[in-house]
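Let me begin by presenting the structure, written as C-alpha cells, before commenting on it.
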Amino acid sequence: RKEVEQDPGPFNVPEGATVAFNCTYSNSASQSFFWYRQDCRKEPKLLMSVYSSGNEDGRFTAQLNRASQYISLLIRDSKLSDSATYLCVVNERNTGKLIFGQGTTLQVKP
Amino acid sequence: DTEVTQTPKHLVMGMTNKKSLKCEQHMGHRAMYWYKQKAKKPPELMFVYSYEKLSINESVPSRFSPECPNSSLLNLHLHALQPEDSALYLCASSQFGGGITDTQYFGPGTRLTVL
Chain A
4 RKEVEQDPGP FNVPEGATVA FNCTYSNSAS QSFFWYRQDC RKEPKLLMSV YSSGNEDGRF
64 TAQLNRASQY ISLLIRDSKL SDSATYLCVV NERNTGKLIF GQGTTLQVKP
Chain B
46 DTEVTQTPKH LVMGMTNKKS LKCEQHMGHR AMYWYKQKAK KPPELMFVYS YEKLSINESV
106 PSRFSPECPN SSLLNLHLHA LQPEDSALYL CASSQFGGGI TDTQYFGPGT RLTVL
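Protein chains in written order, with this note's numbering: chain A, 4 to 113; chain B, 46 to 160.
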C-alpha cells in the first residue's frame, strides 16, 4: 500500500463546477498535512495546510479526518486557471520528510 | 517573502562533465532539501540539511554530492551522470526541518538534461 494515495484523474470539469479531491495516508503518526499545486514544468506551490478543524481560503476548503486517515480538497466555482496537478502531502513525524501522493490532475474547460 | 532561488534554470551536460546546481534562500530557514522529479511523478527526496548538517541521504548515488556552505546556500555537485538522471531538480527550504508547523517552500527548479 502506498503511504499517500490519490486518484490520479484526470478530472475534466466545466468552468464554475465544484470538484473534490480525496487522499488517504497510511501512517497514523503523521502530524502535518498539505495540499500543493503544481503547474506543468513548474515547482510545487503550497496551496493550503490542512488542519483537523478544516480550513477555508476563498474558493478552496480542506478537511482532515484523522480517524479515517483521510484528507480532502474542495474547489468551488472552478476557474480555467485552476487547471493543474494537486499534490496531497504528508509530513513524516519529526523528520521533516514530505511524503507525496502521485497527484491529481484537474483540467477546467470553458 | 517565501522565495527560494535556483540557478541555472536549465543545464545540459555530458556524462563526463562536472557541474553544480545552486540554491539560495533568505528567509532564515534552517533546513534545506534537494528533490528530483521525473515527468508525471511526484518529487522524490534526495537530501536534507538541517542546521547546516546532512540529516537525511535517501541512498542517493555518489555521483550526486550535496554541500551546504552556510544556512542560506545549498549546492548539488554533479559528476559522471547518466542519461536517466535527466530530471527537474528542486530545492526547498523550511524553518525547522520538522515539527507540526514546519512548511516547505520550493524553488523553481533546474531542468537537467544529461546527454
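Where a beta carbon is used, it is the ideal one built from N, C-alpha and C, also for glycine.
* **Contact residues within the stretch 117-144 of chain B, judged by C-beta distance below 7 Å to chain A** => Correct list: LEU135, SER139, GLY142, GLY143.
* Leaving out five residues before and five after TYR52 (chain A) in sequence, what residues of the same chain have Cβ atoms less than 6 Å from its Cβ? -> Checking the sequence shown, residue 52 (chain A) turns out to be Ser, not Tyr. Cβ-Cβ distances below 6 Å link SER52 (chain A) to PHE37 in the same chain, with the five nearest sequence neighbours on each side left out; the list follows chain order.
* Straight-line gap, ASN25 (chain A) to PHE109 (chain B) (C-alpha atoms, nearest Å) -> Here the alpha carbon of ASN25 (chain A) sits roughly 35 Å from the alpha carbon of PHE109 (chain B).
* Using a Cβ cut-off of 8 Å (strictly closer), state whether GLN72 (chain A) contacts chain B. => So no, GLN72 (chain A) is outside the interface.
* Asked: Of the residues B:PHE151, B:LEU135, B:PRO128, which one's Cα is nearest the Cα of ASN62 (chain B)?
  -> Among B:PHE151, B:LEU135, B:PRO128, the Cα nearest to that of ASN62 (chain B) is on B:PRO128.
* **N- and C-terminal bounds of the beta strand (DSSP E) containing LYS67 (chain B)** => LYS67 (chain B) -> beta strand (DSSP E) spans 63-70.
* Going by CA-CA distance only, name the one from A:THR98, A:LEU77, A:ALA87, A:GLY99 that's closest to THR108 (chain A). => Looking only at A:THR98, A:LEU77, A:ALA87, A:GLY99, the smallest Cα-Cα distance to THR108 (chain A) is reached by A:ALA87.
* Asked: Is the CB of TYR96 (chain B) under 8 Å away from at least one CB in chain A?
  -> So no, TYR96 (chain B) is outside the interface.
* Is the beta carbon of MET91 (chain B) sitting closer than 8 Å to the one on SER138 (chain B)? -> In this structure, SER138 (chain B) does not lie closer than 8 Å to MET91 (chain B) by Cβ.
* Asked: The beta strand (DSSP E) with CYS91 (chain A) in it runs from where to where?
  -> Taken as a continuous stretch (DSSP letters only), the beta strand (DSSP E) holding CYS91 (chain A) covers 87-94.
* Going by alpha carbons, who is nearest to LEU76 (chain A) out of A:SER84, A:ARG69, A:GLU59? -> Of the listed residues, the one whose Cα sits closest to LEU76 (chain A) is A:GLU59.
* Can you tell me whether DSSP reads GLU129 (chain B) as helix, strand or coil? -> Looking at GLU129 (chain B) - three-state DSSP - the assignment turns out to be helix.
* To do: Return the first residue and the last residue of the beta strand (DSSP E) that VAL105 (chain B) is part of.
  => No residue range can be given for VAL105 (chain B), since it is assigned to no beta strand (DSSP E) and is classified by DSSP as neither H nor E.
* **alpha helix (DSSP H) runs wholly inside the stretch 20-60 of chain A, at least 4 long, in chain order** => If we require 4 residues or more, the stretch 20-60 of chain A turns out to have no alpha helix (DSSP H) run fully inside it.
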